[in-house]
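Novice: Numbering of the sequence shown is given in this note's numbering, commencing with residue 641 and proceeding in unit increments. Glycine residues also receive a C-beta, built at the ideal position from the N, C-alpha and C atoms.
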Amino acid sequence: MTNNELIEKIKRLKEEKDAVILAHYYVDDEVQAIADYVGDSFYLAKVATNIEKKVIVFCGVMFMGESAKILNPEKIVLLPDETADCPMAHMAQIDRIKELGAQYEDLAVVCYVNSTAELKMHSDICVTSSNALEIVESIPNKNIFFIPDQNLGSFIKDKVKDKNIILNDGYCHVHHELSKESVLKAMEEHKDAAFLVHPECRKEIVDLAEYAGSTAGIIDYATKSDKKEFIIGTELGVMYELRVKNPDKKFYPAYDKQLCPNMKKITLERVADALENMRYEVKLTEDVIEKANAPLKRMLEY
Ligand code: SF4
């Protein structure tokens, strides 16, 4: 089937099944192009609270599908590829949370949304890279365990000096492995370009940037900037929206292989298959939904 035929099929099935398509900026361009809503985790979490359709097709990885289900327990949430999972989402230990909870009476477990529903169940509040700094600054707790991403945690720790922020050892391999050498090479090749980076990258990379922030923040910064050229240090799916919004500007990758293999599993074929066969449904128990909803709700209230 050609792409055009697949797109027609998806449109027809979407109507038939009363479905809406949400897509993260890191999925392939053609999948972003057929989505009803495209955004980063924070935007999509907000959108997911106001969906009226019966079915949500989530073009992203498992923790995103889980969050959509937690926020919409009565809806059917489909993940087009059930193996699209984020390794970092699993990189924190419940035992460590309990250990630190016993050590610090006022411990707040601050959980990046890029985490499993199980980790969220053991957390006090969720954050995204768009709101992490604001939320960590606002909560009254002095002692904070930031899970699972060490790099976003360290980015926040650097800015919030009056709290004891305990870091976890999780990381996103797509961002963590961006090397200083690649960035310096790109800077050398594009001397007039501003370097924009995601704080899931290591500190030595973030320190080189003109701007560090969420995917939506990077898009917004580049769109409002007077500069015409940018080097991008995040998953390269973001280039699609950057170019759509800024056809007159130039964007270069800091590293041309900065791609998330799990996000790339979501193809047009997979989306059509998900709608046609109503798979793969994200299923969570009532207990998980209730407990994991509390920290997500707290974040959205902030
Ligand atoms: S880009 Fe990183 S954090 Fe995002 S889904 Fe892929 S591995 Fe996980």
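Could you pull the DSSP bridge partners for His664 from this structure?
Specialist: Stepping through the sequence shown from its first residue, residue 664 is reached at position 24. Answer by DSSP bridge pairing, in chain order: Gly679.
Novice: Here's the rule: buried if 16 or more other CB atoms are within 10 angstroms of the residue's CB, otherwise exposed. What is Val767?
Specialist: For this step, residue 767 is matched to residue 127 along the sequence shown. With 16 or more other Cβ atoms within 10 Å, it is buried.
Novice: So for Asp802, helix, strand or coil by DSSP?
Specialist: The residue you call residue 802 lines up with position 162 of the sequence shown. Of the three classes helix, strand and coil, the one that applies to Asp802 here is coil, per DSSP.
Novice: If we ignore side chains and look at the alpha-carbon of each, how far apart do Asn804 and Leu818 end up?
Specialist: Numbered from 1 along the sequence shown, position 164 holds the residue referred to as residue 804. Numbered from 1 along the sequence shown, position 178 holds the residue referred to as residue 818. Cα to Cα, the separation comes out at about 28 Å.
Novice: Three Cβ pairs or more, each shorter than 8 Å: is that satisfied between the segment 691 to 708 and the segment 880 to 893?
Specialist: No, they do not touch.
Novice: Please say whether Ile787 and Val749 have beta carbons closer to each other than 8 Å?
Specialist: Residue 749 sits at position 109 when you count from the first residue of the sequence shown. Residue 787 sits at position 147 when you count from the first residue of the sequence shown. The answer is yes: Cβ separation under 8 Å.
Novice: Beta-carbon within less than 7 Å of His762's beta-carbon, same chain only, minus the 5 sequence neighbours each way: which residues are those?
Specialist: In the sequence shown, the residue the question calls residue 762 occupies position 122. So the list reads Ile734, Ile737 and Val749, once near-sequence residues are dropped.
Novice: Which word fits Gln743, buried or exposed, when buried means at least 16 other C-beta atoms lie within 10 angstroms of its C-beta?
Specialist: The count along the sequence shown starts at 1 and reaches residue 743 at position 103. Exposed, by the Cβ-count rule.
Novice: Thinking just about the alpha-carbon of each residue, which of Ala932, Ala833, Asn643 and Arg938 is nearest to the one in Lys867?
Specialist: As a working note, residue 867 is residue 227 in the sequence shown. Checking every option, the nearest Cα to that of Lys867 belongs to Ala833.
Novice: Check whether the Cβ atoms of Ile872 and Leu848 lie closer than 8 Å to each other.
Specialist: Residue numbering aside, residue 872 sits at position 232 when the sequence shown is read from its first letter. Residue numbering aside, residue 848 sits at position 208 when the sequence shown is read from its first letter. In this structure, Leu848 does not lie closer than 8 Å to Ile872 by Cβ.
Novice: Determine the burial state of Tyr811: buried for a count of at least 16 other Cβ atoms within 10 Å of its Cβ, exposed for fewer.
Specialist: Here residue 811 refers to the residue found at position 171 of the sequence shown. Its Cβ being crowded by 16 or more others within 10 Å, Tyr811 is buried.
Novice: Helix, strand or coil, according to DSSP, for Ala862 in the structure here?
Specialist: As a working mapping, residue 862 is identified with position 222 in the sequence shown. Helix at Ala862.
Novice: Between the C-alpha atoms of Lys715 and Glu821, what's the straight-line distance to the nearest angstrom?
Specialist: As a position in the sequence shown, residue 715 is number 75, starting the count at 1. As a position in the sequence shown, residue 821 is number 181, starting the count at 1. About 46 Å.
Novice: Our contact map puts Glu666 next to Cys900 with C-beta atoms below 8 Å; I'd like the distance itself, whole angstroms only.
Specialist: Indexing the sequence shown from 1 puts residue 666 at position 26. Indexing the sequence shown from 1 puts residue 900 at position 260. For the sequence presented, residue 666 should be read as Tyr rather than Glu. The pair is a contact, with the Cβ atoms about 5 Å apart (cut-off 8 Å).
Novice: Which term fits His838, buried or exposed, when burial requires 16 or more other beta carbons within 10 angstroms of its beta carbon?
Specialist: The sequence position of residue 838 within the sequence shown is 198, counting from 1. Burial call: buried.
Novice: Report yes if the C-beta distance between Leu711 and Phe698 is below 8 Å; otherwise report no.
Specialist: Here residue 711 is taken as the residue at index 71 of the sequence shown, counted from 1. Here residue 698 is taken as the residue at index 58 of the sequence shown, counted from 1. For Leu711 and Phe698, no; Cβs fall outside 8 Å.
Novice: If you follow the beta strand (DSSP E) that Glu840 is in, where does it begin and where does it stop?
Specialist: Within the sequence shown, residue 840 is the residue found at index 200, counting from 1. First-last for Glu840: undefined, no H or E at that position.
Novice: Residues around the ligand SF4, please: the ones whose beta-carbon is closer than 7 Å to some heavy atom of it, in chain order.
Specialist: So the residues near the ligand SF4 by this Cβ test are Tyr666, Val701, Cys726, Pro727, Met728, Ala729, Asn754, Cys812, His813, Val814, His815, Glu840, Glu875, Cys900, Asn902 and Met903.
Novice: Would you call the CB atoms of Gly700 and Met903 closer than 8 Å?
Specialist: In the sequence shown, residue 700 corresponds to position 60, counting from 1. In the sequence shown, residue 903 corresponds to position 263, counting from 1. Closer than 8 Å, so yes.
Novice: In the structure shown, what three-state DSSP assignment does Asn783 receive?
Specialist: Within the sequence shown, the letter at position 143 stands for residue 783. Of the three classes helix, strand and coil, the one that applies to Asn783 here is strand, per DSSP.
Novice: Quick one: Cα of His730 to Cα of Leu747, how far?
Specialist: The sequence position of residue 730 within the sequence shown is 90, counting from 1. The sequence position of residue 747 within the sequence shown is 107, counting from 1. Going from the Cα of His730 to the Cα of Leu747 covers about 21 Å.
Novice: CB-CB under 7 Å to Gly793, same chain, minus the five flanking residues each way: which ones, in chain order?
Specialist: Translated into the one-based positions of the sequence shown, residue 793 becomes position 153. For Gly793, where only same-chain residues beyond five positions count, the Cβ hits under 7 Å are Phe786, Ile805, Leu807 and Asn808.
Novice: For Glu670, which residues in the same chain have their Cβ closer than 7 Å to its Cβ, ignoring the five residues on either side in sequence?
Specialist: Mapped onto the sequence shown, residue 670 falls at position 30. If we look at Glu670 and ignore the five residues flanking it on each side, its Cβ neighbours are Asn643 and Leu908.
Novice: In angstroms with no decimal places, state the Cα-to-Cα distance between Met704 and Glu844.
Specialist: The residue labelled residue 704 in the question sits at position 64 within the sequence shown. The residue labelled residue 844 in the question sits at position 204 within the sequence shown. Cα to Cα, Met704 sits roughly 29 Å from Glu844.
Novice: Which residue from Arg842, Met702 and Met939 puts its Cα closest to that of His813?
Specialist: For this step, residue 813 is matched to residue 173 along the sequence shown. With distances taken between Cα atoms, His813 lies closest to Arg842.
Novice: DSSP on Ala729, reduced to helix/strand/coil?
Specialist: Here the question's residue 729 lines up with position 89 in the sequence shown. Three-state DSSP puts Ala729 in a helix.
Novice: Looking only at C-alpha atoms, which of Lys937, Ala772 and Ile650 sits nearest to Gly853?
Specialist: Numbered from 1 along the sequence shown, position 213 holds the residue referred to as residue 853. It is Ala772.
Novice: What residues match up with Glu921 in a beta bridge as DSSP calls it?
Specialist: Reading the sequence shown from its first residue, position 281 is the one you call residue 921. Answer is Leu718, bridged to Glu921.
Novice: When the Cα atoms are used, what is the spatial distance from Asp913 to Leu936?
Specialist: In the sequence shown, the residue the question calls residue 913 occupies position 273. In the sequence shown, the residue the question calls residue 936 occupies position 296. The alpha-carbon atoms of Asp913 and Leu936 are separated by roughly 30 Å.
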